[in-house]
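Residues in the sequence shown are numbered consecutively from 192, following my numbering.
Even for Gly, the Cβ is constructed at its ideal location relative to N, Cα and C.
Because the structure is a prediction, the values reported are computed rather than measured.
Have a look at the structure below before the remarks.
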Amino acid sequence: MSRAKLKALEELQEVDLKIRDLMAAAEQHPARLKQIEGDRSQAKSLLDGVRGKLADNERARKQNEQLLGAEKEKVKKWESRLNELKTPREYAALARELDIAKKTNETAEVELRRLVDEYDDLKKGVGEAEKGLSAKDEVVSHEGKEIETLLAGVESEMAGLQAERGKLAASCEKSILSKYERIRKQRGGVAVVPVVGGTCKGCQMNLPPQMANNLRTGSDIMTCPSCHRFIYASDHEQDEAQAET
Ligand SMILES: [Zn+2]
């Protein structure tokens, strides 16, 4: 009967579908790995950004402190000279300079206080960003290892399936096998299907009644006239055929 001849092909198809599913499942792992690595590098650039701002803040603070120190020295010197001046005009001129210097110093002091406040916030931000990065690092090392293990499992399972496939393929007739390869490529991996109630389960089209009849009783390997898949009578129909005889 055609069913028996297609048995090896059906088993081959089962293995091929397992291979297909395994490959589809394995494809998700590298994508996940890429995602968690992307998350980590994002956390890293966040940390780099806050660290950069902290360094800017420290630099600006040092500059303002130096400026303020120098300006205060100047003011002290000028103040001591005020009494030595001989004319009111000279006095007024220096007093004006002193005013400007004092105002500059006030501004610098305000800026310095702002920088000190900002420094505390930035320092806190760096701490948080460091924690964020180490959490992402943890995910990469932990889940990365898991994925590696999974992929190794996939690899060995795949090797087993390929070996099984080789054995099954060797037991099929060459001409049938090459036709099978062609059909499964065109028909989404399924090349051998049962016929139930006169309907091809591959394409859901009805077979001509005579053909359905031949399928149950004949010994030739048949293909569906619509989708060209290999067809066999389902066990249920075989039972019916046996009951009729
Ligand atoms: Zn069909």
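In chain order, what residues of the same chain have a beta carbon less than 8 Å from the beta carbon of Glu218, not counting five sequence neighbours either side? Numbered from its first residue, the sequence shown carries residue 218 at position 27. Once the five neighbours on either side are set aside, Glu218 has no close Cβ partner at all.
I need the boundaries of the alpha helix (DSSP H) containing Ala246, first residue and last residue. As a working note, residue 246 is residue 55 in the sequence shown. Segment Lys198 to Leu273, the alpha helix (DSSP H) holding Ala246.
Which term fits Ser417, buried or exposed, when burial requires 16 or more other beta carbons within 10 angstroms of its beta carbon? Residue 417 sits at position 226 when you count from the first residue of the sequence shown. When all chains shown are included, Ser417 counts as exposed.
Count the other CB atoms, across all protein chains shown, that sit within 10 Å of the CB of Ile291; report buried if there are 16 or more and exposed otherwise. Numbered from 1 along the sequence shown, position 100 holds the residue referred to as residue 291. Ile291 is exposed by the Cβ-count criterion.
Assigned secondary structure, Val381 (DSSP; H/G/I helix, E/B strand, else coil): What you label residue 381 is simply residue 190 of the sequence shown in a count that begins at 1. Correct three-state label for Val381: coil.
Within 8 Å, strictly: CB atoms of Leu521 and Val206: Outside the modelled stretch of the chain, which goes from 192 to 436, sits residue 521, for which no answer is possible.
Through-space distance from Cys415 to Arg375, alpha-carbon basis: Translated into the one-based positions of the sequence shown, residue 375 becomes position 184. Translated into the one-based positions of the sequence shown, residue 415 becomes position 224. Approximately 14 Å between the Cα atoms of the pair.
Measure from the alpha carbon of Ala251 to the alpha carbon of each residue in Glu264, Leu273, Val301 and Ala234, then state which is nearest. Residue mapping note: residue 251 aligns to position 60 of the sequence shown, counting from 1. Ranking the options by Cα distance to Ala251, first place goes to Val301.
Cβ-Cβ distance between Ala234 and Gly323 below 8 Å: Residue numbering aside, residue 234 sits at position 43 when the sequence shown is read from its first letter. Residue numbering aside, residue 323 sits at position 132 when the sequence shown is read from its first letter. Against a cut-off of 8 Å, the Cβ pair of Gly323 and Ala234 comes out as a contact.
Would you tell me roughly how many angstroms separate the C-alpha atoms of Val381 and Gly229, rounded to the nearest one? One-based indexing of the sequence shown puts residue 381 at position 190. One-based indexing of the sequence shown puts residue 229 at position 38. Cα to Cα, Val381 sits roughly 38 Å from Gly229.
Please determine if the segment 388 to 405 and the segment 355 to 368 are in contact, where contact requires at least 3 C-beta pairs separated by less than 8 Å. no
Does ligand 1 have a heavy atom nearer than 7 Å to the CB of Arg373? As a working note, residue 373 is residue 182 in the sequence shown. For ligand 1, not one heavy atom lies less than 7 Å from the Cβ of Arg373.
Using only the alpha-carbon positions, how far apart do Leu285 and Leu313 sit? One-based indexing of the sequence shown puts residue 285 at position 94. One-based indexing of the sequence shown puts residue 313 at position 122. When rounded, the distance between both Cα atoms is 41 Å.
Who pairs with Tyr423 in a beta bridge, going by DSSP? Counting from one through the sequence shown, the residue named residue 423 turns up at place 232. DSSP output for Tyr423 lists Pro385 as bridge partner(s).
Are the beta-carbon atoms belonging to Val383 and Arg420 less than 8 Å from one another? For the purposes of this step, residue 383 is identified with residue 192 of the sequence shown, where counting begins at 1. For the purposes of this step, residue 420 is identified with residue 229 of the sequence shown, where counting begins at 1. Result yes, Cβ atoms of Val383 and Arg420 sit closer than 8 Å.
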